[in-house]
Amino acid sequence: MKKPNRLVTFLYGLVGMAHAYESADEVREVIADNCFNTLADRAQAHSEGAGTLTASLAFQPGLLDLHDELHDTWHYLTALKARARDLGYGTLTENLGSAADSTRDVLQAVATAAENTVHSPAIPASK
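In terms of the working numbering, the sequence shown opens at residue 109 and continues consecutively.
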């Protein structure tokens, strides 16, 4: 697979362009490289960061930041889905719709987790 060098990537970025791969195998390889080349470092950084949390309220800032990032991701996926639909790319539209739906579900779960960082007073059982 021929990857663009940093200079080409930089120059493309200056004119609002990006390199596109022409085979699914190349796309899979780039995704794998992006994920697995930094997997150990990312896992360690997140584990160390989580290890410093000592109270439920300490989870809140990170969850709120994550919610904001996921919300942006959801909007991006929704916009991409609409554009793919406009261009007649049926399978791509479906895949982007699934990704947006999954992101929405994660977004809701993170919001619920953030809400649960706040202790609620006990509700007495009704008679």
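Ideal Cβ positions, reconstructed from N, Cα and C, are used throughout, including at glycine.
CA-CA distance, Gly196 to Leu204, rounds to 13 Å.
When secondary structure is reduced to three states using DSSP, Ala190 falls in the helix class. With respect to Leu172, Ala222 sits close: the two C-beta atoms are nearer than 8 Å. For Leu161 and Ser155, the gap between their C-alpha atoms comes out near 10 Å.
Within the segment 123-151, the complete alpha helix (DSSP H) segments at least 4 residues long are 132-144, listed from N- to C-terminus. Looking only at Gly159, Thr146, Leu165 and Phe144, the smallest Cα-Cα distance to Ser228 is reached by Leu165. In the structure shown, Thr160 falls within a coil segment according to DSSP collapsed to helix, strand and coil. In the three-state reduction of the DSSP assignment, Thr225 falls in the coil class. Judged by beta-carbon spacing, Ala207 lies within the 8 Å limit of Leu185, meaning their Cβ atoms are closer than that value. Each residue's CA atom was taken as its position, placing Val135 and Ala128 some 9 Å apart. The three-state reading of DSSP puts Tyr197 in coil, since its state is none of H, G, I, E or B.
In this structure, Thr181 sits away from Thr201, with a CB-CB distance that is not shorter than 8 Å. Considering only Ala187, His179 and Asp194, the residue with the shortest C-alpha distance to Val218 is His179.
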